[in-house]
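Just so you know, the protein sequences line up as chains R and U, in that order. Each residue of the first sequence is one higher than the one before, starting from 7 at the first, in this note's numbering. Each residue of the second sequence is one higher than the one before, starting from 79 at the first, in this note's numbering. All C-beta atoms, glycine included, are put in the ideal place defined by N, C-alpha and C.
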Amino acid sequence: MTTPNPAGWEALAAEPMDDQDEATMKLLAALYEQIDPVPADLVERLQFAITLDALNAELAQLQQLDALASSGARGVDADEAKTLTFTSESLTTMVTVTAAGPDRVRIDGWCAPVGGVTVELRQVNASVEVQADEDGRFVFDDVSHGLTRFVVRSAKPSSRPPVITPAVEI
Amino acid sequence: MINAEAEPATLAGRAGDAFSQFRQGQPDAMADLVAMLTPILWHTVRAQRLDATTTEDVLQTTWLSLVKGADKIADPRSVLQWLIVTARREAWRVSRGQSRQTPQELIADDVVSSEESPEALVLRSDTERVLWNHISKLPDRCRELLRVIAFSDRPDYAELAQSLGMPVGSIGPTRGRCLAKLRSSLTTDARWEPR
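Below you can see the structure in the form of structure tokens.
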């Protein structure tokens with residue numbers, strides 16, 4: 007069929023692999039990496055999927071993404087604010103991201119219905135948790151840029167599963 | 079072995095170490111394992127001709143099975159084999175539920191000359207295009223075998239071939255049929271310049 011010399015490959019098959027074979031295999035991996043690359047954030051999504059939270063969490067969806075020029079009084083340095091709204095069956099969470107110094111951002115958030123929730127901000131190498139106040143407001147005042155998700159948990163044990171947002175770039 | 083403490087030389091060895099650490103109570107080791115093995119598992123499932131979205135579902139199911147059943151794996155060093163077997167089985171189960179392969183995938187692999195196929199266009203070098211041409215002519219089982227084990231290291235080949243349902247001796251330490259066929263085919267091609 008595609009093998010012009012069957013006796014040739016049968017003899018080759020019994021020989022030990024050599025460096026040329028190894029080079030061919032390396033080239034083959036490089037070839038498949040180009041033809042069918044692993045999606046860029048697949049590893050992150052899989053890593054998240056196997057965390058304990060994800061096993062029984064309620065997943066929120068990103069509703070809107072608005073980039074607004076701030077009307078703040080800082081003139082030319084006016085920060086750009088970004089507001090994100092996540093919704094799920096039991097909870098709506100809104101966060102506004104503003105610049106807070108070089109490479110840092112501040113996040114002001116609010117979630118409803120209110121009533122004793124903690125909010126965890128989770129990045130690849132970091133996790134911070136804050137308590138929302140009685141109106142459902144919460145603040146992370148010094149956050150680095152990067153892929154970020156929020157995990158909202160009820161303070162009352164076993165009242166409802168945690169809510170997890172998709173990862174967003176902030 | 080000059081230094082038994084050194085990091086294992088092969089993908090299967092490194093995976094086994096990370097999995098042992100996870101079982102000893104280091105949850106971060108599982109994230110390392112996912113990062114380490116996603117390429118080889120991606121190609122294991124994609125070689126079954128599943129689309130990207132379905133492949134991601136299969137991989138997620140595979141990893142969840144590992145986390146939930148971590149205690150059932152007798153030898154941590156076999157974790158890579160276990161994952162490959164599980165991913166292939168899950169891919170097979172899912173693809174039975176899908177009525178047919180998509181037309182694009184059939185065209186890419188079987189109808190259009192491989193040198194004119196869209197895949198070949200993304201390749202950077204002539205050497206890669208020649209290799210793609212020859213790998214495309216191999217039987218499906220050989221192509222799957224070589225595609226998957228190319229993402230591991232040479233000492234792993236024999237065990238991984240078994241995980242892929244290939245007989246002992248299909249590759250490593252000897253070439254075995256698939257690599258021998260590829261090599262034989264390449265050596266008849268004047269454009270092939272082995273490095």
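Bridge-paired residues (DSSP) for residue i
i	result
Asp114(R)	Thr102(R) and Val145(R)
Leu65(R)	Ile170(R)
Arg128(R)	Ser133(R) and Arg155(R)
Glu168(U)	In DSSP, Glu168(U) forms no bridge with anything.
Val123(R)	Ser160(R)
Glu175(R)	Leu153(R)
Pro251(U)	DSSP, once it has assigned bridges, lists no residue as partnering Pro251(U).
Pro22(R)	Thr252(U)
Within chain R, the residues that residue i reaches when beta carbons sit closer than 7 Å
i	result
Met244(U)	Near Met244(U) there are no residues of chain R at all, since even the closest Cβ is about 13 Å away, more than 7 Å.
Gln138(U)	Leu52 and Ala55
Trp160(U)	Here the premise fails: no neighbours, minimum Cβ distance about 15 Å.
Met151(U)	Checking the sequence, you will find Ile at residue 151(U) rather than Met. Neighbours of Ile151(U) on chain R: none; closest Cβ ~15 Å, over 7 Å.
Val145(U)	Ile56
Val163(U)	Near Val163(U) there are no residues of chain R at all, since even the closest Cβ is about 18 Å away, more than 7 Å.
Limits of the unbroken alpha helix (DSSP H) element including residue i
i	result
Thr282(U)	There is simply no residue 282(U) to check, as chain U begins at 79 and stops at 273 in what is shown.
Val123(U)	Asp106 to Arg124
Arg128(U)	The identity of residue 128(U) in the sequence shown is Leu, whereas the question assumes Arg. Per DSSP, Leu128(U) belongs to no alpha helix (DSSP H) and is neither H nor E.
Ile41(R)	Asp25 to Ile41
Gln240(U)	Tyr235 to Ser241
Lys259(U)	Gly254 to Thr265
Ile227(U)	Asp218 to Ile227
Ile213(U)	Asp204 to Ser214
Gln53(R)	Leu48 to Ala55
Boundaries (first-last residue) of the beta strand (DSSP E) holding residue i
i	result
Ser133(R)	Ala132 to Gln137
Counted within 10 angstroms of its Cβ, other Cβ atoms place residue i as buried (16 or more) or exposed
i	result
Ala46(R)	exposed
Lys259(U)	buried
Val157(R)	buried
Gly243(U)	exposed
Arg124(U)	buried
Ser241(U)	buried
Arg128(R)	buried
Ala66(R)	buried
Gln53(R)	buried
Glu197(U)	buried
Pro43(R)	exposed
His151(R)	exposed
Gly115(R)	buried
Gln159(U)	buried
Ala96(U)	buried
Asp131(R)	Inspection of the sequence shows that residue 131(R) is occupied by Asn rather than by Asp. Exposed.
Arg159(R)	buried
Thr131(U)	exposed
Gly121(R)	exposed
Arg110(R)	exposed
Ala161(R)	exposed
Arg80(R)	Caution is warranted here: a pLDDT of 35 is assigned to Arg80(R), below 50, making its placement in the model unreliable, and no coordinate value can be reported.
Contacts of residue i in chain R (Cβ-Cβ under 9 Å)
i	result
Pro272(U)	Gln26, Ala29 and Thr30
Arg92(U)	The contacting residues do not exist; Arg92(U) stays about 16 Å from chain R at best.
9 Å Cβ cutoff met for residue i and residue j
i	j	result
Leu37(R)	Glu271(U)	no
Arg269(U)	Asp204(U)	yes
Leu238(U)	Thr30(R)	no
Ile162(U)	Ile213(U)	no
Ala90(U)	Pro233(U)	yes
Ser173(U)	Gln126(U)	yes
Ile200(R)	Thr154(R)	In this structure chain R extends from 7 to 176, so residue 200(R) is not present and cannot be described.
Val145(U)	Met114(U)	no
Phe146(R)	Ala138(R)	no
Glu95(R)	Glu64(R)	yes
Leu34(R)	Arg261(U)	no
Ala236(U)	His121(U)	no
Gln40(R)	Leu201(U)	yes
Ser230(U)	Thr88(U)	yes
8 Å Cβ cut-off: residues of chain R touching residue i
i	result
Glu206(U)	Leu33, Ala36, Leu37 and Gln40
Thr252(U)	Ala19, Ala20, Glu21, Pro22 and Met23
Leu238(U)	Neighbours of Leu238(U) on chain R: none; closest Cβ ~12 Å, over 8 Å.
Glu168(U)	Residues of chain R passing the Cβ test: none, with the nearest at roughly 14 Å.
Phe97(U)	By Cβ distance, chain R contributes nothing, its closest Cβ being about 13 Å from Phe97(U), past 8 Å.
Within chain U, partners of residue i - CB distance below 9 Å
i	result
Val111(R)	Per Cβ cutoff of 9 Å: no residues; Val111(R) is ~24 Å from chain U at best.
Leu153(R)	Near Leu153(R) there are no residues of chain U at all, since even the closest Cβ is about 14 Å away, more than 9 Å.
Val134(R)	Going along chain U, no residue has its Cβ under 9 Å from Val134(R), so there is no contact; the nearest lies around 17 Å.
The ligand HEM heavy atom lying under 8 Å from the CB of residue i
i	result
Asp27(R)	Among the ligands in the structure shown, none appear at all, so the ligand HEM cannot be discussed.
Chain-ordered chain U contacts of residue i [CB-CB under 7 Å]
i	result
Pro45(R)	Ala130
Val49(R)	Val112, Ala113 and Thr116
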